[in-house]
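Start counting the sequence shown at 3; every next residue gets the next number (the working numbering).
Glycine included, every Cβ here is placed at the ideal spot set by N, Cα and C.
Encoded as structure tokens, the structure appears first; notes follow it.
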Amino acid sequence: MTDLNSVNLGGRITKDAVLEKTKDNLSLVRVSIAVNRSSKKKDTEEYIDKPVFVDLTIFGNYAETMFKYFTKGRYITVQGHLDMDSWTGNDGSKNSKLKVVPDVGGINPWVERMPKQQGENAPVEEDIPNTPEDYTGEQNAIF
Numbered sequence: 003m004t005d006l007n008s009v010n011l012g013g014r015i016t017k018d019a020v021l022e023k024t025k026d027n028l029s030l031v032r033v034s035i036a037v038n039r040s041s042k043k044k045d046t047e048e049y050i051d052k053p054v055f056v057d058l059t060i061f062g063n064y065a066e067t068m069f070k071y072f073t074k075g076r077y078i079t080v081q082g083h084l085d086m087d088s089w090t091g092n093d094g095s096k097n098s099k100l101k102v103v104p105d106v107g108g109i110n111p112w113v114e115r116m117p118k119q120q121g122e123n124a125p126v127e128e129d130i131p132n133t134p135e136d137y138t139g140e141q142n143a144i145f
């Protein structure tokens, strides 16, 4: 029986993503987002943001399609599941790290809306994929 493993997050990308290839030539993108949690100061009515940094790992054609939207500062929302990375360090120590693996179609890079402009300096509207079929129907897999 499968237990519930579902994550929904929204945050800003901390640095531009890099598209990599695994040893099996599978596309891979790792990106980190800062998710703010607000809390009220005890002595005042002021709220402060406490960022939590969350690592995302995206595989396959979905990674290739989405990585161009992963630029520093861009706000994205993510639907996915948790997974554990485990590895042995150079000193022989065993390490592990929790990460979020977005589901296919589970990333929504928000387009910052700007006022309409005329001429050559007008912003170009982005055609952001928003259905699993936009990613060649490939299912996101962990290898």
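Evaluate the contact criterion for the stretch 91-104 versus the stretch 46-59: three or more CB pairs, one atom per stretch, below 8 Å.
These segments touch.
So what does Glu22 bridge to, in DSSP terms?
Within the sequence shown, the letter at position 20 stands for residue 22. In DSSP, Glu22 forms a bridge with Leu30.
Beta carbon of Phe55 nearer than 7 Å to that of Ala19
Along the sequence shown, read from residue 1 onward, the residue named residue 55 stands at position 53. Along the sequence shown, read from residue 1 onward, the residue named residue 19 stands at position 17. No, Cβ-Cβ distance for Phe55 and Ala19 is not below 7 Å.
Which stretch, first to last residue, makes up the beta strand (DSSP E) that contains Gly62?
As a position in the sequence shown, residue 62 is number 60, starting the count at 1. No beta strand (DSSP E) contains Gly62, which is instead part of the alpha helix (DSSP H) from 62-68.
Asp85: first and last residue of the uninterrupted beta strand (DSSP E) it sits in
Counting from one through the sequence shown, the residue named residue 85 turns up at place 83. Taken as a continuous stretch (DSSP letters only), the beta strand (DSSP E) holding Asp85 covers 77-90.
Who does Asn7 pair with in a DSSP beta bridge?
As a first step, residue 7 is located in the sequence shown; it is residue number 5 there, counting from the start. Bridge partners of Asn7: none, in fact.
Residues bridged to Ser98 (per DSSP)
What you label residue 98 is simply residue 96 of the sequence shown in a count that begins at 1. Answer by DSSP bridge pairing, in chain order: Ser88.
Taking all protein chains shown into account, do 16 or more other C-beta atoms lie within 10 angstroms of the C-beta of Met116, making it buried, or fewer, making it exposed?
Locating residue 116 in the sequence shown gives position 114, counting from the first residue. At Met116, the pLDDT of 45 sits below 50, so the modelled position is not reliable; the number obtained from the coordinates is stated separately. Per the 10 Å Cβ criterion, exposed.
Residue from Leu21, Gly82, Lys25 whose Cα sits closest to the Cα of Ser8:
Taking the sequence shown and counting its residues from 1, one reaches residue 8 at position 6. Cα-wise, what sits closest to Ser8 is Gly82.
Would you mind giving the Cβ-Cβ distance between Asp51 and Asn38, rounded to the nearest angstrom? I have them listed as a contact below 8 Å.
By one-based count along the sequence shown, residue 51 stands at place 49. By one-based count along the sequence shown, residue 38 stands at place 36. Indeed, because the Cβ distance is near 4 Å, the residues count as touching under 8 Å.
With a threshold of 8 Å on Cβ separation, who are the neighbours of Leu84 within its own chain once the five nearest residues in sequence on each side are excluded?
Position 82 of the sequence shown, counted from the first residue, corresponds to residue 84. Closer than 8 Å at the Cβ level, and outside the excluded window around Leu84, lie Asn7, Val9, Leu100, Lys101, Val102, Val103.
Which residue or residues does DSSP assign as beta-bridge partners of Thr59?
Taking the sequence shown and counting its residues from 1, the one referred to as residue 59 is at position 57. Arg32.
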